[in-house]
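**Q** Just passing along the structure, written as structure tokens.
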Amino acid sequence: MQTLLSDRSYQRHLRIIHACEKGATGVYWGHRLIATLLYRNMLSQLNEMHRHEVEHFEIFGKLMHARGVRTVIAPVFWCIGGILYGVVTALAGRRAIWRSTAVIEAIVERELNEAADYFRSRDPEVYQAIQQILIDELEHKLAGEANSPGIAHIDKVVEPAAKVGAAASKELAKRL
């Protein structure tokens, strides 16, 4: 384990996942804020997805702490960025919330699968945590897809914004 802890890739993978989960808590917080005012019938699902993301953030925080891996500098920035994105997206409507969820969770699924491949032989506990978290993330993605079928004009804004935001979050987590 000691050689893994000195491995920058090992630490970077954990930091990226942890920071991006913090960002996801913010996105769902922002969605929930606007849904409380405008889309109350969405609150149950949004609350559940937010709860999952909080759990994921805590799981990776504990794994990092147990391994002596530091978090990114000021994880709250990922949350604030997520909240801003979540509020703006939610103001664009229900479809925007669901399309955003589908796009972001597809990115998360891909990233977590890559991380799982990395950790499979290096750290079975982290690998198992990722496998469990993937169940929730897939559920979120499927809900997003089911509630935003086909193609709509708002998708032309939401999809690129989600992709750019996710890429920026990951890049910042690599560097901080």
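So for the sequence shown, this note's numbering puts the first residue at 2; every next one is plus one. For glycine and all other residues, C-beta sits at the position ideal for the given N, C-alpha and C. None of the values given here were measured: they were computed from a predicted structure.
How long is the line joining the alpha carbons of residue 42 and residue 79, rounded to whole angstroms?
**A** Each residue's alpha carbon lies about 27 Å from the other.
**Q** Could you work out which residue in 58, 67, 162 and 32 is closest to residue 47 when comparing CA atoms only?
**A** That would be 32, whose Cα lies nearest to the Cα of residue 47.
**Q** Would you identify the three-state DSSP class for residue 122, choosing helix, strand or coil?
**A** Note: residue 122 maps to coil in three-state DSSP.
**Q** Over the uninterrupted alpha helix (DSSP H) stretch that includes residue 156, give me the two end residues.
**A** Note, residue 156: alpha helix (DSSP H), 156-176.
**Q** Whole angstroms are fine: how far does the CA of residue 169 sit from the CA of residue 161?
**A** Rounded to the nearest angstrom, the two C-alpha atoms are 12 Å apart.
**Q** Tell me which residues share the same chain as residue 36 and place their Cβ nearer than 6 Å to its Cβ, disregarding the 5 neighbours each side in the sequence.
**A** Excluding residues within five positions, the ones whose Cβ falls inside 6 Å are 43, 44 and 47.
**Q** Helix, strand or coil: which one does DSSP assign to residue 74?
**A** In this structure, residue 74 counts as coil in the three-state DSSP scheme.
**Q** Enumerate in chain order the residues of its own chain whose CB-to-CB distance from residue 175 is below 7 Å, with the five nearest sequence positions on each side excluded.
**A** So the qualifying residues of the chain are 13 and 17.
**Q** Tell me whether the beta-carbon of residue 57 lies closer than 7 Å to the beta-carbon of residue 22.
**A** Yes. Within cutoff.
**Q** When the Cβ atoms of the region 49-56 are set against those of the region 109-125, are three or more pairs found closer than 8 Å?
**A** These segments do not touch.
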